[in-house]
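I have placed the structure first, in the form of C-alpha cells, so that the comments after it can refer back to it.
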Amino acid sequence: MSERVKEILSYYRSENPGVLTNLARLLNHGRLAGTGRMLILPVDQGFEHGPGRSFAPNPPTYDPLYHFQFAIDAGLNAYASLLGFLEAGAAEFAGEIPLILKVNSHDLLHPEKDPMGAQTASVADALRLGCVAIGYTIYPGTVDRRIQYEQLRELIKEARCAGLPTVVWAYPRGGGLSKEGETAVDVIAYAAQIAAQLGAHIIKTKLPTAHIEQDEARKVYEAQKIPLTSLKERIHHVVQSAFDGRRIVIFSGGPKEDDAKLFEEAKAIRDGGGFGSIIGRNSFQRERTQALALLDKLIRIYQGNN
Amino acid sequence: MSERVKEILSYYRSENPGVLTNLARLLNHGRLAGTGRMLILPVDQGFEHGPGRSFAPNPPTYDPLYHFQFAIDAGLNAYASLLGFLEAGAAEFAGEIPLILKVNSHDLLHPEKDPMGAQTASVADALRLGCVAIGYTIYPGTVDRRIQYEQLRELIKEARCAGLPTVVWAYPRGGGLSKEGETAVDVIAYAAQIAAQLGAHIIKTKLPTAHIEQDEARKVYEAQKIPLTSLKERIHHVVQSAFDGRRIVIFSGGPKEDDAKLFEEAKAIRDGGGFGSIIGRNSFQRERTQALALLDKLIRIYQGNN
Amino acid sequence: MSERVKEILSYYRSENPGVLTNLARLLNHGRLAGTGRMLILPVDQGFEHGPGRSFAPNPPTYDPLYHFQFAIDAGLNAYASLLGFLEAGAAEFAGEIPLILKVNSHDLLHPEKDPMGAQTASVADALRLGCVAIGYTIYPGTVDRRIQYEQLRELIKEARCAGLPTVVWAYPRGGGLSKEGETAVDVIAYAAQIAAQLGAHIIKTKLPTAHIEQDEARKVYEAQKIPLTSLKERIHHVVQSAFDGRRIVIFSGGPKEDDAKLFEEAKAIRDGGGFGSIIGRNSFQRERTQALALLDKLIRIYQGNN
Amino acid sequence: MSERVKEILSYYRSENPGVLTNLARLLNHGRLAGTGRMLILPVDQGFEHGPGRSFAPNPPTYDPLYHFQFAIDAGLNAYASLLGFLEAGAAEFAGEIPLILKVNSHDLLHPEKDPMGAQTASVADALRLGCVAIGYTIYPGTVDRRIQYEQLRELIKEARCAGLPTVVWAYPRGGGLSKEGETAVDVIAYAAQIAAQLGAHIIKTKLPTAHIEQDEARKVYEAQKIPLTSLKERIHHVVQSAFDGRRIVIFSGGPKEDDAKLFEEAKAIRDGGGFGSIIGRNSFQRERTQALALLDKLIRIYQGNN
Amino acid sequence: MSERVKEILSYYRSENPGVLTNLARLLNHGRLAGTGRMLILPVDQGFEHGPGRSFAPNPPTYDPLYHFQFAIDAGLNAYASLLGFLEAGAAEFAGEIPLILKVNSHDLLHPEKDPMGAQTASVADALRLGCVAIGYTIYPGTVDRRIQYEQLRELIKEARCAGLPTVVWAYPRGGGLSKEGETAVDVIAYAAQIAAQLGAHIIKTKLPTAHIEQDEARKVYEAQKIPLTSLKERIHHVVQSAFDGRRIVIFSGGPKEDDAKLFEEAKAIRDGGGFGSIIGRNSFQRERTQALALLDKLIRIYQGNN
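Protein chains in written order, with our numbering: chain A, 30 to 335; chain B, 30 to 335; chain C, 30 to 335; chain D, 30 to 335; chain E, 30 to 335.
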C-alpha cells in the first residue's frame with residue numbers, strides 16, 4: 030500500500046474495515062493505482078439523456094458489454110453504471126474491474142425545474158452484482174433536496190453495513206439557482222460541503238466557474254480576498270470546502286470537448302488538489318482507439334508525467 | 030432446448046435459475062416454442078377502457094373462462110391478465126398455459142394528463158395463482174414516473190426472489206409529451222432503454238412512428254444519419270436501444286385494425302429484430318373462429334413461413 | 030347445501046376454505062337461505078350523513094342494539110355496520126346474525142368534489158367482533174381512486190388470510206363524472222368490472238339509469254345494439270360486466286321511497302340476474318312494524334313468490 | 030362497585046378487562062367516585078395557546094407540579110395533560126391520581142383554516158408514565174380529518190392492547206364549517222357520533238348552541254319537531270347521538286367565565302344526561318383557593334346536591 | 030456530584046439512568062463542571078450557511094479536526110456538530126470531550142418561507158460515534174412544524190432507549206411569523222414551552238427581544254403587568270415558560286458581535302435564570318487565540334466571577 034493511499038484511508042478512521050477495503054480497491058486498481066488519483070468511466074446517459082443521443086455517435090456502445098471491456102482496456106480505476114447495464118455484464122466480467130452501482134436516475138421525458146431522481150437500485154443489488162461501491166446523485170438547490178438527503182443517508186447507512194462506500198454526485202440544480210449558479214464556485218463548494226457533511230466517501234461534482242451566486246458568499250470572498258480567478262484556485266476552494274482535503278473529490282467532464290481543453294482541466298484538477306476525474310461522454314462517444322488514446326494522456330497527467 | 034432459446038437465456042446470466050426457468054417456460058410454450066419469438070394474449074381492457082367498450086363486440090368475452098380457452102386453442106406463448114380475471118379461472122385451467130399477472134392497472138373514469146396506475150395485485154398473488162411472470166406498466170413522460178419506477182424496482186426484486194421474471198409495459202404518456210410524441214421513435218427507444226435499465230426481463234412497447242419528439246435526439250439522428258424511414262428500421266432502433274438485442278422486446282397491437290396491416294407490422298417486427306407481439310383487442314374482439322385464423326397467420330409469419 | 034349455493038361457491042374456486050365458509054354463511058342465513066339471493070341491512074348513515082338526519086325519523090334507532098334485533102327479526106342474511114355500532118352490540122348478539130364490518134367511512138362535514146373515506150376499522154377488528162366479512166367503499170371517478178384501490182387490495186389480502194370475504198361498495202363519484210354520470214349504466218357497469226378485477230367477492234352498487242356518460246362506451250352500445258331501456262336490461266348489463274354472473278352483485282336502495290317503486294326495483298334486480306338488495310334507510314327510517322312488513326314483501330319477491 | 034358504574038361498564042362489553050379496569054379507575058376516583066359522573070382537569074393550554082396566555086394569570090401554574098397537587102386536592106377524577114407536563118411530575122405523584130396522556134397537540138404559531146395536530150406522545154409513553162388512558166383530538170370539518178381518524182384508530186387499537194381506554198376530544202373545526210357552525214347542535218351531535226363510531230370510550234365535546242349548520246339536518250329537525258331550545262335539550266340530543274347514552278360524553282368549559290354561568294351549564298349537563306365536565310382554564314387560571322371552591326360547588330352539582 | 034447538578038438531575042426523575050448519566054456528563058465536563066451552567070461549541074454553519082461564509086474568515090476551521098481541539102482547549106462542556114464533521118474526528122478525539130450529534134440540517138440553496146430540515150443523521154450514528162446526546166431543530170411557526178414535532182418525538186424515544194438525552198434547537202421561523210416575531214419574547218417563550226412539552230431535555234433558543242408578536246399574548250402580559258423591559262426579565266420569562274426552571278434552557282449567540290455586547294448578554298442569561306450559552310460564529314470565526322480569550326471571559330461570567 031502506497032503512503033498516499035494510507036494517508037487517504039486515514040481520513041476515514043471512523044469507518045469499518047469493509048468500507049476501507051473497498052475504498053482501497055478503488056484507489057489501487059488500474060494505471061493510477063497507488064497514486065491517490067482516480068479516473069472513472071460513468072455510463073448513465075442512456076437513462077439520463079436517452080439512448081439515441083448517448084450511443085448513436087458510437088453504435089457499439091449500445092451493447093452493455095462494450096463499456097466493461099473499454100474501462101478494463103483503458104486501465105481505469107472503476108466503471109460506474111446503472112442496474113440494467115451492470116446486470117447485463119457483471120457475470121461476464123466478474124472480478125476484472127471495480128464496479129460502482131448508481132442507485133438513482135433521472136430522465137428527460139418530462140420538463141421540470143427541480144429534478145428528483147428515482148431510486149432505481151439498492152445496496153442489495155450492488156452486493157449481488159459484486160460492486161465495490163454505490164453512487165447517488167443529490168441536486169442541492171431543488172425544492173425537494175430534503176428527500177434526497179434523507180434517502181442518501183439511509184443508503185449510506187445500509188451500504189456501510191455491507192462494507193460499501195458511497196460516491197455522491199453533488200450536482201447543484203433547481204429553482205433555487207440561476208443557470209450559471211449551477212456551476213458557480215460558491216455553489217459547487219456549498220454542494221461539496223453538504224455531500225461531505227452527509228457522509229459521502231467520494232464526492233463527484235462539476236468544474237466550478239468564476240461566477241458567484243449568493244450575495245452573502247460574495248461578501249465574505251471579497252472581504253477575505255479569496256483567490257478564485259483560475260480554475261486551479263477554484264478547485265482548491267472546492268476541495269478545501271470538502272473538509273480541507275480530507276474527503277476524496279473528483280470532477281466530471283461534461284459534454285464532449287476538444288482534447289486540449291480536457292488536458293488543461295485535468296492539470297488544474299491535479300494542481301488544485303483534486304483527486305481525479307469521472308469521464309463519460311468524452312470517452313465513450315469517441316471511436317474506441319481515439320478514446321483509449323485520450324484516456325492514456327489523461328492518466329499520464331494524473332501520474333504527474335506532464 | 031433450441032440454440033436460439035439458449036442464446037436468449039444467456040443474455041440473462043446475472044439471473045437466478047428460477048427466473049431463467051420461467052423465461053424458458055414462456056419461450057418454450059405454444060406453437061412458437063423454441064423459435065425465440067412470442068405471441069401473448071393480454072386482457073386488461075375491462076379495467077383500462079371499461080367492460081362495454083371491451084367485451085360488447087364479442088359478448089362471450091365477458092366470461093373470464095373464455096380467454097384461457099382461447100389462448101390455449103390459439104397455441105400462444107402466454108395469457109396475461111388482471112387479478113380478478115385470473116382468479117376466476119386459474120384453478121380451472123391450472124397448468125394448461127403460462128399466465129402473466131398484470132399487477133397494476135389504470136381506469137378512464139377521471140380525466141388526467143399524467144396517468145398513474147394503481148397496484149392491484151402482488152407477487153404473492155402471482156405465486157398463489159400459478160403464474161410464470163408478473164407484468165407492470167410504466168408511463169415514461171408522466172410527472173410521477175419516479176414513483177412508478179421505484180414501485181417497479183421493488184416488484185422486480187420481490188418477483189426475482191420468487192423466481193418470476195417481470196414484463197414491463199413501457200408506454201410513453203403524460204404532460205411531458207405531445208400526442209404524437211407518445212409513439213415517436215426517439216421516445217419509444219428512450220422508454221425501452223429505461224425499462225431495460227430498470228431491470229425488465231421482457232419489454233413491451235408500442236410500434237414507433239417516424240415522428241421525432243425531442244430536439245436533442247433529432248440533432249444526433251441527423252448528424253449520424255440513422256435510418257428511420259421504414260417500420261423495420263425503427264423496430265431495429267428500438268431493439269438496439271434495449272441493450273443491442275440483449276433484452277426481449279415485443280410490440281403491442283393497439284386498436285382493432287385490418288388484417289393486411291397487422292401482417293405487415295408483424296413482418297416488420299420480425300425483420301427488424303423484434304421478439305414478437307402482444308395482441309389483445311385484435312384477437313378477442315373478433316368472433317372466435319376468425320380470431321383463431323388471424324392468430325394462425327401471425328404465428329406463421331413469426332415462424333418465418335412467409 | 031342447495032344446488033344454487035354450490036354453484037355460486039364454484040365461481041370462487043381460487044379461494045381458501047375459510048372464505049368459502051363465510052360466503053356460505055352469508056348465503057345460508059335468514060329467510061333467503063339457500064336461494065342464492067341476499068337481503069342485507071346496512072347502517073352506516075350516522076357517520077355518512079349525520080345522526081339527526083339518519084335516526085331522528087325513528088328515534089329508537091339511535092340505540093345500536095335496535096339494528097341487531099331488527100335484522101334478526103326480519104330474517105335478513107346479514108347486518109353491515111361500522112366499528113362503533115358493532116362494538117356496542119356484538120357481545121350481546123354474538124352468533125345470532127352474520128355481521129359485516131364496514132372498514133372505511135366518509136362524513137359530510139367538509140364539502141369535497143372527490144370523496145375519500147377514512148379507514149376506520151381493520152380485519153383484526155372484524156375478527157375480534159365475530160364478523161363473517163368486511164366491507165369497503167371505492168369511489169371510481171375520484172382523483173384519488175388509486176389510493177382506494179390499493180388500500181382495498183391490501184385489505185382483501187389480509188381478510189383472505191383470516192378466511193373473510195370482502196364486500197365492495199362500488200359507488201361512482203367525483204370530479205371525473207357528471208352528477209347523472211354517477212348512476213349512468215356504463216359507469217355502474219365499469220365500477221362493477223373494476224371491483225371484480227380488484228378481487229371483490231360481493232359487489233354492491235347503485236341501480237343504473239339509462240344515462241350513458243362516456244362517449245366511447247355509447248359508440249359501442251349503439252354499434253352493438255345493447256338493450257338498456259328497462260331497469261331489468263340494465264341490471265343484466267351490470268351483472269354481465271361483473272364476470273358474466275360469476276360474481277355476486279347486489280344493489281342499494283338509496284333514499285326513502287314509496288313501496289311500489291321498491292317492489293318494482295326488486296323484481297327488476299331479480300329478473301335481470303342480480304343477487305339481491307342492501308336496504309338501509311328504506312327499512313330503519315320507518316316505524317319497526319311497517320319496516321318488517323316491507324322487508325317481508327321484498328323477501329317474498331326474491332323468493333320468487335310474486 | 031356502584032350499580033351505576035356497573036351499568037356504564039356494561040355498555041363496553043366488547044372490551045377487554047384491562048380497558049374496563051381503567052374505565053372503572055376513572056369512574057371510581059375522587060369525590061364523584063361511583064356516581065357515574067366525572068370532573069377532569071385538563072392542562073394542554075401551554076401548547077395550544079402559549080405559556081404566557083395560559084399561566085401568567087396565575088404564575089404558580091408555570092410549574093408542572095402545581096397541577097398534579099391541585100387535581101388531587103380538588104378531589105377530581107383525573108388529570109389530563111401533555112407529555113412534558115406529565116413527565117415532569119409523574120414520578121413525584123405516582124399512584125395519587127389517574128392520569129390521562131393527551132397524545133396529540135396543536136399550536137397557534139401558524140394561522141390555518143384547517144388545524145391538524147401533531148402526534149406528540151404514544152401509548153408506550155402513557156404506559157411508562159403510569160397513565161390510565163390516552164386522549165386524542167379530532168377536528169371534524171377539516172380537510173384532513175381522514176388522517177386524524179386513521180391515526181386515532183391506530184392509537185385506540187394500540188391502547189386497547191395495553192388495557193388503556195381512549196378519550197376523544199371531538200372538536201368541530203375547519204374550512205367545512207362556519208364559525209358558529211363549530212358549536213352548532215347538529216355539528217356537535219355529528220362529531221359525537223363520529224367519535225363513537227370510531228371507537229372512543231369517552232367523548233369530550235363542546236357545549237352545543239341552538240345554531241343549526243347543515244340544511245339537511247335542519248329539515249329533519251323541523252320535520253320531526255326535535256326540541257333544541259334549552260341547553261339541557263341540546264345536551265340530550267348530543268348524548269343520544271353518542272349511542273343513546275351508551276357512551277360516556279363529557280363537556281368542556283371553554284374560556285374563563287363567571288361562576289353563575291358555569292353552575293347553570295353543569296346543571297344542564299347533568300339534567301340532559303351528560304356524564305360530566307372537563308374544566309381547565311376556569312380552574313387553573315383562578316387563584317388556588319378560589320378555584321378549589323368553584324370545583325367544590327361543581328362537584329356538589331354533579332352529586333345532585335343542588 | 031455538586032448539589033446544583035443533583036438538583037438539576039432531580040427535575041428529570043422520569044428518565045432512565047442512561048439519560049441521567051449523559052446529562053451528568055454534559056454538566057460535569059470542562060471549566061463549568063458542577064456549576065449547573067453550560068457553554069457549548071456548535072459548528073453546523075457549513076451546511077446551514079455554506080462553507081465560504083462560515084470558514085473563510087478563519088481558514089483553519091475548514092479542517093474538521095480544528096473544532097474538536099478548540100472545544101477541548103477552551104474547556105467547554107461539549108462540542109455539537111453534524112455527521113460529517115463528527116465522523117472526520119470522532120476516532121481521533123475519542124473520550125476527550127462530550128459530543129452532541131445534530132441530526133437534522135437545513136441549507137440555503139433554495140429560498141423558502143417555511144424552512145424544514147432534512148434528517149441527516151440518526152441515533153445509531155450518535156452511538157457509533159460515541160456521542161452523549163443528539164440535537165434536533167424545530168421551527169415553530171412553519172406550516173410543516175407538525176412533521177418536525179413528530180420526527181422529534183420519534184427521535185427522543187429512540188435516543189432515550191439508547192440512554193441519550195435530546196437537545197432541541199427551538200427556533201421560531203416561517204410564514205406564521207413576522208421577521209421581528211422570530212425573536213419576540215412571547216414567541217420565544219412559546220417555542221420553549223413547546224420544546225419542553227415535546228420532551229426536550231435541553232432547550233436551546235434565541236435571545237428574546239422586547240417585541241410581542243401575538244395580540245392575545247400582549248393582552249395577558251399587559252393585564253398581568255409582566256415585566257419584559259430588560260433582557261434579564263425576558264430571559265426569566267422564557268425560563269419560566271420552560272416548566273418554571275425545571276428544564277435546562279440555553280441561549281444562542283447569533284452572528285459575530287462585539288465583545289462587550291456578548292458579555293452583557295451572558296450576564297443577563299446568568300441573572301435571568303438561564304443555564305448557559307451555545308456559541309458558534311462568535312468563537313470559531315475569530316482567530317484562535319482571541320477566541321480562547323473570549324470564551325475564558327464568558328466562562329468566568331458563568332462561574333459568577335464578575
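Glycine residues also receive a C-beta, built at the ideal position from the N, C-alpha and C atoms.
Is it buried or exposed, residue i, if we count other Cβ atoms within 10 angstroms and call 16 or more buried?
i, result
"glutamate 211/B", "buried"
"glycine 124/E", "exposed"
"glutamine 226/E", "buried"
"alanine 103/C", "buried"
"glycine 118/E", "buried"
"alanine 20/D", "Residue coverage of chain D in this structure runs from 30 to 335, which leaves residue 20/D outside it and unanswerable."
"alanine 370/D", "Because chain D here runs from 30 to 335, residue 370/D falls outside it and cannot be looked at."
"aspartate 173/D", "exposed"
Give a yes or no on whether the minimum CB-CB distance between residue i and chain D is below 9 Å.
i, result
"aspartate 215/E", "yes"
"methionine 145/C", "yes"
"tyrosine 165/E", "no"
"serine 83/E", "no"
Cutting at 8 Å between CB atoms, please list the residues of its own chain near residue i, excluding the five before and the five after it.
i, result
"asparagine 106/A", "Leu55, Leu56, His58, Gly59, Leu61, Ala62, Met67, Leu68, Ile69, Pro127, Gly305"
"glutamine 180/D", "Asn133, Gln148, Tyr165"
"phenylalanine 97/E", "Tyr108, Gly118, Glu121, Phe122, Glu125, Ile126"
Which same chain residues, not among the five before or five after residue i, have their C-beta less than 6 Å away from its C-beta?
i, result
"serine 31/A", "Gly63"
"histidine 230/E", "Pro194, Thr195"
"tryptophan 198/D", "Thr166, Lys233"
"proline 93/E", "Phe114, Ala117, Gly118"
"proline 144/A", "His135, Tyr168, Arg202"
"glycine 301/B", "Lys261, Ile264, His265"
Please list, in chain order, all residues of the same chain as residue i whose beta carbon is under 7 Å from its beta carbon, the five residues on each side excluded.
i, result
"glycine 192/A", "Asn45, Gly47, Val48, Thr50, Asn51"
"alanine 162/E", "Asn51, Leu55, Ile129, Leu193, Pro194, Thr195, Val196"
"serine 207/B", "Glu242"
"valine 152/D", "Ile163, Leu184, Glu187, Ala188, Ala191, Leu193"
For residue i, decide whether its Cβ has a neighbour in chain E, counting only Cβ atoms nearer than 9 Å.
i, result
"arginine 175/A", "yes"
**Message:** Threshold first: 4 residues or longer. Then list the alpha helix (DSSP H) segments lying entirely within the region 291–330 of chain E, N to C.
**Reply:** 310–313
**Prompt:** Which runs of the alpha helix (DSSP H), 4 residues or longer, sit entirely within the region 226–255 of chain D?
**Reply:** 244–253
**Item:** Whole beta strand (DSSP E) elements within the region 166–211 of chain D, 3-residue minimum
**Value:** Within the region 166–211 of chain D, the complete beta strand (DSSP E) runs of at least 3 residues fall at 195–199.
**Asked** Given a limit of 8 Å on CB to CB distance, which residues of the region 186–212 of chain A reach chain E?
**Response** Lys186, Pro201, Gly203, Gly204, Gly205, Leu206
**Asked** Residues in the region 247–274 of chain B with C-beta within 7 Å of chain A's C-beta atoms, listed in sequence order?
**Response** Val249, Tyr250, Gln253, Ile255, Gln269, Ser270, Phe272, Asp273
**Message:** Taking beta-carbon pairs under 9 Å, can you tell me which members of the region 218–232 of chain D lie near chain C?
**Reply:** Ala218, Tyr219, Ala220, Ala221, Gln222, Ile223, Ala224, Ala225, Gln226, Leu227, Gly228, Ala229
**Residues in the region 59–84 of chain A having any Cβ partner in chain B nearer than 9 Å** = When C-beta distances to chain B are compared with 9 Å, the residues of the region 59–84 of chain A below that value are Asp73, Gly75, Phe76, His78, Gly79, Pro80, Gly81, Arg82, Ser83, Phe84, in chain order.
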